[in-house]
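The block underneath contains the structure these notes are about, expressed in structure tokens.
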Amino acid sequence: MNKTSTQPTYFALALASFLLAIVLLFNMLSPMAVPVTKEQFDQIREADLIEYLIVQPRGFTWQLTRAVRVQGLNGETVAKRIELAEPDPTVAEDWRQKGGVVRQEQDTSWWGGVVFIALLLGVGGWHIWSQIRLDLKGGGGPRRRLRDLETALKQGKITQAEFRQQAERLWAEL
Numbered sequence: 031m032n033k034t035s036t037q038p039t040y041f042a043l044a045l046a047s048f049l050l051a052i053v054l055l056f057n058m059l060s061p062m063a064v065p066v067t068k069e070q071f072d073q074i075r076e077a078d079l080i081e082y083l084i085v086q087p088r089g090f091t092w093q094l095t096r097a098v099r100v101q102g103l104n105g106e107t108v109a110k111r112i113e114l115a116e117p118d119p120t121v122a123e124d125w126r127q128k129g130g131v132v133r134q135e136q137d138t139s140w141w142g143g144v145v146f147i148a149l150l151l152g153v154g155g156w157h158i159w160s161q162i163r164l165d166l167k168g169g170g171g172p173r174r175r176l177r178d179l180e181t182a183l184k185q186g187k188i189t190q191a192e193f194r195q196q197a198e199r200l201w202a203e204l
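This is the structure in structure tokens:
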């Protein structure tokens with residue numbers, strides 16, 4: 031196996047590993063709260079399914095003891111965290127007065143987005159740099175090599191069969 035045919039394989043493996051890392055990162059992030067109506071919230075509270083209230087800078091969410099099926103704004107879904115579609119601070123104050131568990135959380139969710147964007151920019155920069163290095167070594171990218179191959183065919187340096195065989199390898203890289 032020559033060097034030019036292994037480069038796309040390495041790139042594909044790196045890309046697959048990167049996508050797997052992204053999926054794992056999203057699975058580690060805290061679950062998103064599903065907005066529910068006041069009536070659904072009251073039903074969940076009466077069923078004693080609320081574990082604790084989470085106070086965040088952007089509002090209140092309730093952590094449930096187990097996942098339940100709720101009717102969210104985008105249809106029916108299973109939720110482990112809920113929030114009121116129309117926030118009502120009196121509900122949270124009610125929860126506190128009745129002795130419910132309250133947890134204070136900092137809003138650090140934006141760090142995940144920053145890391146994700148930095149990773150995407152890093153992978154993009156690495157790919158561009160690898161293409162520049164290929165160009166500097168003289169091989170060039172697959173499009174340039176295909177163009178050079180077409181020029182060689184027009185000049186009669188290679189046969190049609192050789193062109194087709196080499197072009198098929200280059201098309202796989204595109």
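Take any residue in the sequence shown, count from 1 to its spot, add 30: that is its number in this note's numbering. Even for Gly, the Cβ is constructed at its ideal location relative to N, Cα and C.
Contacts around residue i, its chain only, beta-carbon distance under 6 Å, and the 5 residues preceding and following it disregarded
i           : result
residue 54  : none
residue 111 : 61, 63, 91 and 93
residue 32  : Residue placement at residue 32 is poorly supported in this model, since its pLDDT is 49, which falls under 50; the coordinates are not used for a value here.
Check whether residue i and residue j have beta carbons under 7 Å apart
i           : j           : result
residue 115 : residue 108 : no
residue 66  : residue 100 : yes
residue 79  : residue 125 : no
residue 188 : residue 182 : yes
residue 89  : residue 119 : no
residue 81  : residue 95  : yes
Beta-carbon contacts of residue i that lie in its chain and below 8 Å, excluding the five residues immediately before and after
i           : result
residue 171 : 161, 164 and 165
residue 179 : 188, 193, 196, 197 and 200
Per-residue DSSP class, three states only, for residue i
i           : result
residue 105 : strand
residue 185 : coil
residue 67  : coil
residue 163 : helix
residue 55  : helix
One or two residues paired with residue i in a DSSP bridge
i           : result
residue 117 : Answer is none; residue 117 lacks a bridge partner.
residue 4   : There is simply no residue 4 to check, as the chain begins at 31 and stops at 204 in what is shown.
Any non-hydrogen atom of the ligand ADP closer than 6 Å to residue i Cβ
i           : result
residue 196 : Of the ligands one can find in the structure shown there are none, so the ligand ADP has no counterpart to examine.
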